[in-house]
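FYI, the numbering used here numbers position 381 of the sequence shown as 771, with every residue one higher than the one before it. Virtual Cβ for every residue (Gly too), placed ideally from N, Cα, C. For clarity, every value in this text was computed on a predicted model and none was experimentally measured. Below: the structure, in structure tokens.
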Amino acid sequence: MSKLNQSDPYQLFRSWAPQNKISIGTLNEKIWKYYDYGPKDTNNAPIIFISHGTAEIFYKQFLTLCPRGYRVISIQFSPYDTLSGWCKGFERFLDRLELDKPVHLFGSSLGGYLAQCFYQSKPSRVLSLVLNNTFSDTQYFYDNSIGSSLFSLLPEFLLKKIILNNFPSGLLDNETREAVDFMVDQLETLTQNELASRLSLNCSAVSLLNPSGGLMDNITIIDSLDSTIPEKLREEVYKYYPNAKTALLKTGGDFSYLSRSDELNIHIEVHLRRFDNLNNNNNNNNNNNNNNNNNNNNNNNNNNNNNNNNNNNNNNNNNNNNNNNNNNNNNNNNNKIEKQEIIIDQNKDSVNKIENDNNSNNINIKKENRISTTTISKNVSEATRKLNTSVFDNEDNDVFL
């Protein structure tokens, strides 16, 4: 067992992220193995590491990127015979994990080639690419192999020997040697079907890539100058993606994600930060739009409130004016009533005066009448007296016949 398998960082990774298995639900059931760790409730797209071996080979990327807020997924795909079959399987894998939004893809060697193939078949589902020691054409490997159709017939030990013959050898620094030992241990865990499938895809006679599909700008290429990838194949990758950002590592070999993980992780993080800034800008724009909308709503509400207040004030003023007018009218009416009452009082006084005058006249009339009656009575009495006196004085006269 290699030193990396027994190292504390590897054991920490295994304690963080358990291995998951998922069936993509095809007629011939395909079981994909993967590790998934990191925050899932952020706006940042996850980065998916496509392995040409097992999913554990990217454990150092988990240990660096996950604590910094990135969701990392590493896959060990089920056996496929064709590139188009693998692309369909990978799309179903994304669907099963409910990764509807575009994702970042990292691929090394065969994994990098598969990432490019999926991007060209489903560009809407890929946000960016990070390519490490990879190639863009399989013709070279096809020409130098026994033929992809025969790999499925070979025994497991022979398939492993073919792969090991392409591993770095000779004088290697400690980190590179430990990385090779770790990869040998991981190779022992792959089945015959998995080994044959990977060799068949790597040596495919038909390539899905074409230069017209290599116009994507969101690509970073990280290459080790001492890798076993032929220079011609590396140059073809640069030609496919002329706008890609390029980072070159002086050493590290084919497995720089293990032997030069610190340096490679820095380049990966720099690549991902470009999209973090875009997300922050979008969030800021959304917040600004929301703030503007809120301000507009507040202004509208204030205007409405002001209008309502003005209307209320106008209504109040109108009501006050009406009340004042009514009060004035009432006052005028009251004044009129008071004047009428004064007139009525004056009329009453006049009537009283008239009545008093009439009473006075009656009194005078009564007095006058009384005086006249008394006078008459006195005159009558005096006449009677005189008459009686004349009768008694003439008793011998023939008064009575």
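I'd like to know if residue i contacts chain C, where contact means its C-beta is closer than 8 Å to some C-beta of that chain.
| i | result |
| --- | --- |
| Asp-563 | Checking the listed chains, one finds no chain C in this structure; it contains a single protein chain. |
Measuring alpha carbon to alpha carbon, tell me which of the options ends up nearest residue i.
| i | options | result |
| --- | --- | --- |
| Gly-428 | His-442, Ala-407 and Thr-444 | Ala-407 |
| Ser-538 | Val-520, Phe-557 and Asn-583 | Asn-583 |
| Arg-404 | Lys-393, His-657, Leu-453 and Ala-435 | Leu-453 |
| Leu-639 | Lys-629, Glu-653 and Asn-633 | Glu-653 |
| Pro-545 | Ser-587, Thr-641 and Leu-495 | Ser-587 |
| Gly-642 | Asn-522, Tyr-400 and Lys-411 | Asn-522 |
| Ile-611 | Tyr-503, Ser-511 and Asn-555 | Tyr-503 |
| Tyr-530 | Ser-514, Ala-595, Ser-614 and Thr-472 | Ala-595 |
| Arg-567 | Arg-486, Asp-644 and Asn-433 | Asp-644 |
| Thr-432 | Asp-616, Ile-658 and Cys-456 | Cys-456 |
| Ile-656 | Val-516, Lys-430 and Gln-451 | Gln-451 |
| Ile-609 | Ile-658, Ser-651 and Lys-622 | Ile-658 |
| Leu-585 | Leu-615, Ser-559 and Ile-552 | Ile-552 |
| Leu-394 | Lys-411, Gly-475, Lys-420 and Tyr-449 | Tyr-449 |
| Lys-635 | Leu-648, Ser-617, Arg-664 and Leu-623 | Arg-664 |
| Ser-392 | Gln-576, Asp-571, Asn-555 and Tyr-630 | Asp-571 |
| Asp-563 | Thr-472, Gly-443, Asn-418 and Arg-650 | Arg-650 |
| Lys-491 | Lys-430, Leu-473 and Glu-419 | Lys-430 |
| Asp-471 | Glu-565, Phe-557, Leu-554 and Leu-540 | Leu-540 |
| Glu-481 | Ser-511, Arg-461 and Gly-497 | Ser-511 |
| Trp-476 | Ile-463, Ala-505 and Val-462 | Ala-505 |
Span of the alpha helix (DSSP H) holding residue i?
| i | result |
| --- | --- |
| Leu-402 | 398 to 406 |
| Lys-629 | 621 to 630 |
| Ser-649 | 646 to 649 |
Any idea if residue i is buried or exposed, counting beta-carbon neighbours within 10 angstroms, 16 or more meaning buried?
| i | result |
| --- | --- |
| Ser-646 | buried |
| Ile-440 | buried |
| Val-627 | buried |
| Gly-459 | exposed |
| Met-573 | buried |
| Glu-488 | exposed |
| Thr-579 | exposed |
| Pro-620 | exposed |
| Asp-398 | exposed |
| Gln-396 | exposed |
| Phe-547 | exposed |
| Asp-426 | buried |
| Pro-632 | exposed |
| Arg-486 | exposed |
| Ile-421 | exposed |
| Asp-613 | buried |
| Ser-468 | buried |
| Ser-559 | exposed |
| Leu-648 | buried |
| Leu-589 | buried |
| Leu-417 | exposed |
| Glu-625 | exposed |
| Glu-419 | exposed |
| Ile-447 | buried |
| Leu-549 | buried |
| Thr-581 | exposed |
The beta strand (DSSP E) with residue i in it runs from where to where?
| i | result |
| --- | --- |
| Phe-448 | That residue, Phe-448, is in no beta strand (DSSP E); it is neither H nor E in DSSP. |
| Ser-614 | 609 to 614 |
| Tyr-424 | 421 to 427 |
| Ala-637 | 635 to 639 |
| Ile-412 | 410 to 413 |
If residue i sits next to residue j, beta carbons under 8 Å apart, how far is it from one beta carbon to the other, in whole angstroms?
| i | j | result |
| --- | --- | --- |
| Val-493 | Ile-438 | 5 Å |
| Phe-508 | Ile-414 | At roughly 14 Å, the Cβ-Cβ gap does not stay under 8 Å, so Phe-508 and Ile-414 are not in contact. |
| Ser-526 | Leu-599 | 5 Å |
| Gln-466 | Ala-445 | 4 Å |
| Lys-423 | Gln-401 | That belief does not hold up - the Cβ atoms of Lys-423 and Gln-401 are roughly 19 Å apart, past 8 Å. |
| Ser-518 | His-661 | 7 Å |
| Asn-593 | Ser-535 | Checking the sequence shown, residue 593 turns out to be Cys, not Asn. Right, their Cβ atoms sit about 4 Å apart. |
| Leu-591 | Leu-495 | Rounded, the Cβ-Cβ distance is 16 Å, inconsistent with contact. |
| Ser-597 | Thr-528 | 6 Å |
| Leu-577 | Gly-479 | With 8 Å as the limit, Leu-577 and Gly-479 do not qualify as a contact, their Cβ atoms being about 22 Å apart. |
In chain order, each alpha helix (DSSP H) run of at least 4 residues that lies wholly inside the segment 518 to 597: As far as the segment 518 to 597 is concerned, its whole alpha helix (DSSP H) runs of at least 4 residues are 529 to 533, 546 to 554, 564 to 577 and 582 to 592.
In chain order, what are the residue ranges of uninterrupted beta strand (DSSP E) at least 3 long that sit wholly in the segment 457 to 522? If we require 3 residues or more, the beta strand (DSSP E) runs fully inside the segment 457 to 522 come out as 462 to 466 and 493 to 499.
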